[in-house]
Each structure stands twice: as C-alpha cells, then as structure tokens.
Amino acid sequence: MTKTSELIVCEYCDAVYRKTSLARHQRSVCVRCGGVLQRHVGLTVQQRLALSVTAAILMVYAHFYPVMSIRLQGVSNSATLWDSVQILSQGSITFIALVAALTIIIAPVLQVLLLIWVLAFAMLRRRSPAFALCMRGLESLRPWNMLEVCLLGALVAVIKLAGMLDVIPGAGLIALAALSVVLIYIAGRDVRDLWDRL
Amino acid sequence: MQETPPQPAPIKTRRWNVSLVWIVPIVALLVGASLVVRNWMQEGPTLTITFRTGEGLVANKTEVRYRNLVIGQVTSIKLAEDKKSVKATVRLSKEAESFASEDSQFWVVRPRIGAGGVTGLDTLLSGSFIGADAGQSARRAEHFTGLESPPPITYGEEGKRFLLSAPDLGSLDIGSPIYYRRIPVGQVISYALDADGGSVTIEIFIRAPHDAYVTQNSRFWNASGIDVTLDAKGIRVDTASLAAMLAGGLAFRSPEYAADGPPAAQGQRFELFADEQSALAPPTGQAKFIRLRFDQALRGLAVDAPVEFMGVEFGKVVAVKLDFDEQKQSFPVMVDAVVYPDRLGPAHAKMLKALKHSPDDEMATARLIGNFVEHGLRAQARSGNLLTGQLYISLDFYPDEPAVAVDLSERPIRIPTVPGDLERVQERFQRLVDKLSQLPLESIVTNLDGNLNELRQGLRFFNRQTLPGLQTTLEELQQTLESANRTLADDSPQRQQLNQAITELRRMSRSLRELTDYLGRHPESLIRGRPKSSEP
Amino acid sequence: MNEPPLAITLNLCLCHGCGLACDMQGNPQRCVRCGAPLHWRKSDAIARSWAYLLAALVLYIPANVVPVMHTSMFGSSGGSTIIGGVVEFWKGGAWDIALIIFIASVGVPCIKFLGLSLLLITTQRHTDWALRQRAQLYRFIEVIGYWSMLDVLVVALVAALVQMQELGTIEPRPGILFFGLVVVFTMLSAMSFDPRLIWDGATPRRDG
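Protein chains in written order, with the numbering used here: chain A, 1 to 198; chain B, 1001 to 1536; chain C, 2001 to 2208.
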C-alpha cells in the first residue's frame, strides 16, 4: 500500500489516484467524473510571494482610490469600494452591506494577507505560525472572493450611468482589474501544494 | 474482492486550458473593451483654441456649446509658448465634426454687458462656456484663435451686409442693434478706421427678411442715446430704445419722397447721418450762400437756425456776426446762411423750367434773386418759439416794402431784411402812441365837457316834457287796438257780415267768370241773345 | 483504463481542508495534517442543500418584485427592479450589457435552482443516469455561483456614486437585500451538497 500522502482523492467522486508530476500545460483528470485532480503549478514560491505583494499594493490602490467618479453640471462625486459598502449599510438592508463587505473587502484582504504570511515563511522553507489555520482560512475564503464580479459590476455601472452623466473611471478601477486577475492567479486551489512542499 | 491499486490519473495536455474561473475577467475585459471602442467611436476631433486669457475656463468642466447644445469639452488648458495667450484643448463630440472646419469660430461666453443688452447671465451660475459656430469650409483645421467677443451673427444666417461711412464711431460697438421702424433687424458686425484716418467704416448686417427694406435710397442714422434738441421747434427728446440708449444703435428708413427703390446690393456703402432729421432731409442739392443784414439785435438767432422760404425749410444759418457801419455809426448784425434751393422740391424745379434758368450760372442766380427782391423778397428774423425765444430766418414777399437796390456782384448775395414780427409790432405801437400824443387832447376835452353839459340839459327837457306826452299817446293807441280786437273777434256781428259779404262777392265773381267764358265761346250771343238749348 | 479504486474501499477519506487522503484506520476525527474535521460525506448534505435552496427560491420572488434601487434625478424619481434595469438597457441599445445583467441576475440563479434541484432529486432517487454530466453540472454550478452578486455590486457602486443632493440621488432598496440573500443561500446550498453522493447512489456502497 502506498503512502497516503502520495495518493490523491477526487473530490467529486471519491476515486483514488496516485500523484504524478506534471509538466507545463498539463493537468490530470479523473477518469470517472472528469474533474480536475491536479494542475501544473508553474509558479515558484518566490514568484507567488511577489505576486501576493503586488496584489497587496494593488489592493491599496483599489481600496483608497475612487473606482470611478461622476460629474453633473459641475458637481462631481466619486466612490471607493468602501463607499459602496457604506451606502448599503444605511437603512433596513444593513445585512447586504455585510455580504458586500465580505465579498469585496474582507475576503480579498484576508486572502492576500494570509498568502503573504504563509508564502513569506515558505520562502524560508518552513511553516508559518498557525500554518494549518491560515491554509484552512484560505480554503474557506476562496468562494467568497468576488472581486472579479465587482470589476464587472463597476464596468456595468459605468455604462449604466454614462447615459445620464459624465463618468470617469478612476485609478481604483484599473487597480481593481489588475487585482482581480492576480488574485485568480494566486489564490486558487494551487495553494494546497504548500502542504506537500513544507 | 480484487483491490485495484491506485493508478496515476491520466494526464491531459492542452496549451490553452482556460478554466471557468476566468470567464468573469474575460467578460469584464470584453465589456471594458466595448466601452473603450464605443467611446472611441463617439470621439470627435480634438482642437486647440488660443485665447487671450484663460478666465472662466476650467479643464474637464468648461463645455463647448452651439446653440446652447453641448458639443464638446475643454480637456486641458495650457499657457502658450510665448506666454501671451492660453491654449485650450477641446474635445468635440462625434456629431460636431463639422466644427473642425477651418473657418469655424470659437469664443468664450461670459456675463457681458454690451451692445444689445446683458448677455451670458446664465453663465454666472453654470460657469463660462465656449461658444462655437461651425464654418462651411471643407478643409479641416486643428488650431483656432478664439474670438474675444461673440460674433454678432451666426454662420450662414440669411441677410445682407452693408457698409456705412461715418465721421466717427459714436457710441456704437460690435453688436449694436440696427432698428427699422424701432424693430431690431440687424447688428453692427465690425468697424474699422479708414486708411486715411479721416472716417470710420462700419459694417452692418441686416437679417433676412428685413434686408429687403434696405433700398438704394435708404438713409442710416445714429439712434444712439438720448437726442435732446433745443431749437426753433422747441425741446425734443428722442430715444430709440433703452438698449440703444445704453449701447448705441442705428436706424434706417427710406425717406418719404423716395420710398420705393431697388433693394440695395450686398456690401453697398451708405452714409451714416448724425440724426434722423438730417438723414431724412431731402437731398440738399447745390448750396447757395446768402448774407443778411439786420439792424436790430438778434437775440436767440443761433448758428444752425433754419432758413425758411414761404414756410418751407430750405437752409440754415451758418454764421451770425456783429458788424460796424461807419456811415450810420451803428452795429448791424450780419447773418450768413446757406440755402439749398433743391429742397424746395417741385417749386424750384418748375421755376427753373419756367425761367429757363441754370442753377450753375451764378450771375443768373444773382439776377433772379435781384428780381425777387424787386418783387418784395425780404428776409426776416422771426420768433419760432415764444417760450425759448429762438429765432429763425424767414424769406417772404412783402410787396409793400420800399424797393431796395441789390448789388448783384456782391458775394454772397445780400438779401434785404425787414424787421422781425415783434419789432414791427413794437414799431406800430410806437407810431400809434406818437399819433396819440400829437392829438389836441386839451381842447377836445373842453369841447367834450360842454357837449356833455348840453346833452344833459337836453335829456332833462326830454324827461320833463316829451315823456308825459308819449305816455298819453301810448294809452290812446292801446284803446284803438282794443276796439280793433273786438271788431275782429270770431263771434262779432261785423265779422259775420264781413263773411257773408265775402261769400256774396265769391259767388258774384264765379257767375261773372261764367259769363265771360260764355261770351268767349259765343260772342254772337251779345247780339242774338242766348239760345234756349245752351247751358250756361 | 481500469476503473480507479474508490477512497472508501481503500478506507481513505478526503480532507476538505487540505486535500489530503487521510487513512481512516482508527477513525481519526480530524485530519492529521491540517486539523480539519473529517467525515466520509458532508453531513446532512441533501437536507441542508434543500433547505438553503428553498430559502433562496422563496427570497427570489421579492428580489424580483421589490425595487432594488430608487432613482431621483432631474426632478423625477422612481424605483427600478432588476428586470426593469435589463429592459432599460435593452431599449437603450446596450444589448450586450443587458445580456450580461440578464445572465447574472436571472439566468444564473435559475440555472442554480434548476440544476441543484435536478442534482438533489436524482441523488435522492439513486439513479445512475448521466453521472458524469451531473458531476460536470455540479462543477459548473459551483463556478458560476457568485456571478449573481453582480447586481448587488452594481447597485452599491451606482448608489455610492450618485449622491448629489439636489441634482440626484440613487438609493439602494430592500430588493437588493433579498437578491443578495438569494446569492448567499444558493452558494451555501451548492456548498452543502456533496457531489460524491451522485456516485454513491449509482454504485452500491461497499463496506470495507
């Protein structure tokens, strides 16, 4: 019997396979259900850390610079992500503000911070303090990160308002676009290989 | 049961294995790209406009408007390289591409008090904007020089341009209104000093359809401000409109004597008159100068006072000078006047024709005037307005005046004068007073006194003697009348007798007439007697 | 290739925390590597999934009926629902945006309702019909789960932007709360479902 750490279980149908090493553009697929078992991780830990730091910097821009601003008869107004969460918190619908905050602020921020934390220690070839907690946190936060939907939403909002007033996409929107791409790239399931590496 | 040992999973190699998670960013990318493309499709030309100042211009805020429709926006404002102007970069919208043609005009609209009133007040709230007017040239340009003030007419507006010559600009400005019968129909669009500096040429624009009212005979005059005239006709205040009063304005009209005329051509040059009166005055024709000598003071006769002939104004006083007459040792007033015989209209024309007189022949003119003077032509300073005491010169015929010799060689020709109305009245009154003073008033009064005494005595006698007799006579007369009345009353016997007598008389006259008739028809009956058968 | 062995037959259990195949000899309660609780299958998966799904379905009605935002601009004001917004875009000529919003706020929730119901019913019936396709359907539902958040975020951004007192304001309205709850509940429903149950029904359980 092989060691359990060399086995991989399909999470969709419980089929068991042996782990293989993959080259670029390769992935292993479950024969039973067609689910992806393994994907080639093209990035080294260092590259991923660099991307995480990039994400953190982009996040600062995305959160502190207005995503867009509008102008109407000389009066202008701009909104950051935090502003849009705040506006939802007014009145009887506060709960949706919590959901929005979780999906566009809390989840991405925590993800990036945890990634930097974990990867920084991984660089030193050791597990970070509370490694298991961090990894589980990353795992459970993943479905709640909706920054890319937020990006799409911002673009839709631009088009929606463009008919009525002047809309100027802000620096935050570009940062948001870059951030969502970077996050998809680094915060996917590939983090799991840290368990095996360390 | 056979346990199959775990096998390595099959490996799939695909160069592009795009996971579903990338769908959202890809869609976002597509949306963003469509936004950019749409924006790019809608983007019009980008122009740079040079203005003297950047006052009121704000990057990304100041709009470019045409007929108050936003067609673009200022995207940036920079100082020009020579630091003498500012360069505004303007992005026009797609539909406004025609505004990039090289003869387009741009100007900054700010609150402005100018000719034709206060404009751009709305910009106080909304901020300034750049006004634009599309050109018609097919050639495109990217650099424009902004106008300092709005062009008074928008491009392609129907109408005609005319030129006016004036000695000075007066209170006119670009945009000053032009009135036709007090209705604004056009504007001053430019002015320039003539090359010799001696006069000003004003370019005006009359909008269609009013431009048809500008005829070859039209007269333009300055309707600026308040025109207060104090002349022989009294005080006159003329104002065109409040706007014209503040900002100046022009008016035009065809004079009554030449109401119809062919419409003026584009660019025709007209003279600009100082006021309506001089503009509408009949054509002056040839000027003739006359000199008048008055022996009395002429208080109230001013230069420009009208000269009238038989009540028709046809000239004006050009000089009033005091002279010294050595022979009479007096100070006569010499009045020089210019007259325009043409203004007398048909009278002058007919006279020229009848006398076969050429107005260019000076000697003949002098002879003609000498002839008139022989017939009693005299000049008189008359009071035109008792209130102000203004005088005017009136030429009229006074056939009773003693003849005066006219020196035909004198230039300007001198027309003898008669004293003015007031002077004549004074003179006559003086004469009356003189005659009165010559009367033997003393003896007249003594005689009159005696006469009065006699009259009184006569009256007394009359009262005492004649009146009682008269009383008796009257009473008798009354009695007689009463008896006559009685006699003539309806029921009196005399009246009835009279009636009967009258009836008898009527009957008698009828039978008499019948007899005569019968005799007329049967004269033989006078001899033979009446036949039995015949009826009377 | 042969049918791969199943984890349950090898007495292995997948850890959801770190993906480790844990040896279940000695019935460990937690994953030896990451400490996450271990269980053969997600507990009460079908019941929980149904519960979340029905809650979402119920909330989906007010989410579409109640206005999601209130616009007062240029003197006129009015509420707009999600479908109203789609129609407005469509009429305005932005059919692409209308399509995106329609897919995100109508298409995706409906696919999730139908897909999850289908999965749940077929799983309960232990049918071996289209196993592979059902597994793919589940993965699809999992991925598109969060798309419906689009409308919530659009409303949040638009409302945050258009706050210009007299000139115009846009305010979020309770419809958006319902809509957000639909998204959350459908996501929870999908998460609660255990795709391995699709296969369990088809292959008789072999107790090792």
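Where is the CB? At the ideal position from N, CA and C, for every residue including glycine. The structure displayed is predicted, hence computed values, not measured ones.
Comparing alpha-carbon positions, the option among D1103/B, V1021/B, F1162/B and R1182/B lying closest to L1147/B turns out to be D1103/B.
A Cβ of chain B is located within less than 9 Å of the beta carbon of T20/A. Around the beta carbon of Q1105/B, a 10 Å sphere encloses 16 or more other beta carbons of the protein chains shown; the residue is thus reported as buried. In the structure shown, T1048/B adopts extended strand secondary structure according to DSSP, grouped into three states.
Interface flag for S52/A against chain B is unset, since no Cβ pair is found closer than 9 Å.
In the assembly as shown, W2095/C is an exposed residue. Its beta-carbon has fewer than 16 other beta-carbons within 10 Å. Taking 7 Å as the cut-off between beta carbons, the residues of the segment 131 to 152 of chain A near chain C are A132, M135, R136, E139, P143, M146, V149, C150 and L152, in sequence order. For F1162/B, the closest C-alpha among the options S1218/B, R1139/B, S1483/B and D1173/B is that of S1218/B.
Here the C-alpha atom of M2073/C lies approximately 8 Å from the C-alpha atom of E2166/C. With respect to the 9 Å criterion, V1317/B and M1334/B are not classified as neighbours on the basis of their beta carbons. For G2079/C, the uninterrupted beta strand (DSSP E) segment begins and ends at S2076 to S2080. Listed in chain order, the positions of the segment 2079 to 2101 of chain C with a beta carbon within less than 8 Å of a beta carbon of chain B are D2096, I2097 and I2100. Contact between the segment 2112 to 2131 of chain C and the segment 2035 to 2051 of chain C is established, with three or more Cβ pairs separated by less than 8 Å. By the 16-neighbour rule on beta-carbons within 10 angstroms, L1432/B is exposed.
Beyond the five residues adjoining it in sequence on each side, W117/A comes within less than 7 Å, by CB distance, of S128 and C134 in the same chain, given in chain order. The Cβ atoms of P2195/C and E139/A lie no closer than 9 Å to each other.
With respect to the 9 Å criterion, G2168/C and T2071/C are classified as neighbours on the basis of their beta carbons.
Closer than 9 Å to the CB of I2144/C there is at least one CB belonging to chain B.
Shown here, A178/A sits in a helix according to DSSP, grouped into three states. Contact between V167/A and I70/A holds: their C-beta atoms lie close to 5 Å from each other, under 8 Å. By the rule that beta-carbons nearer than 9 Å mark a contact, A2130/C does not touch chain A. Between D1168/B and the set A1192/B, I1174/B, Y1179/B and E1157/B, the nearest pair of CA atoms involves A1192/B. DSSP lists I1290/B as the beta-bridge partner residues of I1413/B.
The beta carbon of A1279/B lies closer than 6 Å to those of R1219, W1221 and F1273 in the same chain, with the five residues before and after it left out. For Q1390/B, the number of other beta carbons within 10 angstroms of its own is at least 16, and it is reported as buried. Residue environment analysis places Q46/A among the exposed positions, since fewer than 16 neighbouring C-beta atoms fall within 10 angstroms of its C-beta. E1374/B is positioned such that its CB atom lies no closer than 9 Å to that of A1349/B.
When DSSP states are grouped into helix, strand and coil, K1012/B belongs to the strand group.
Contact check between the segment 171 to 183 of chain A and the segment 1049 to 1056 of chain B: fewer than three CB pairs, one atom from each, fall below 8 Å, which does not count as touching.
Counting only the Cα atoms, S84/A lies some 12 Å from T103/A.
Per DSSP, K1316/B is one residue of the beta strand (DSSP E) stretching across V1312 to L1322. Here DSSP, grouped into helix, strand and coil, assigns I57/A to helix. The residue among K1356/B, S1330/B, I1290/B and A1305/B with its C-alpha nearest the C-alpha of A1297/B is S1330/B. Between R18/A and W2199/C, the CB-CB gap reaches or exceeds 9 Å.
If one requires a minimum length of 4 residues, the alpha helix (DSSP H) runs lying completely within the segment 2109 to 2191 of chain C are 2131 to 2144 and 2149 to 2161, in chain order.
By the beta-carbon neighbour count (other beta carbons within 10 angstroms, threshold 16), V112/A is buried.
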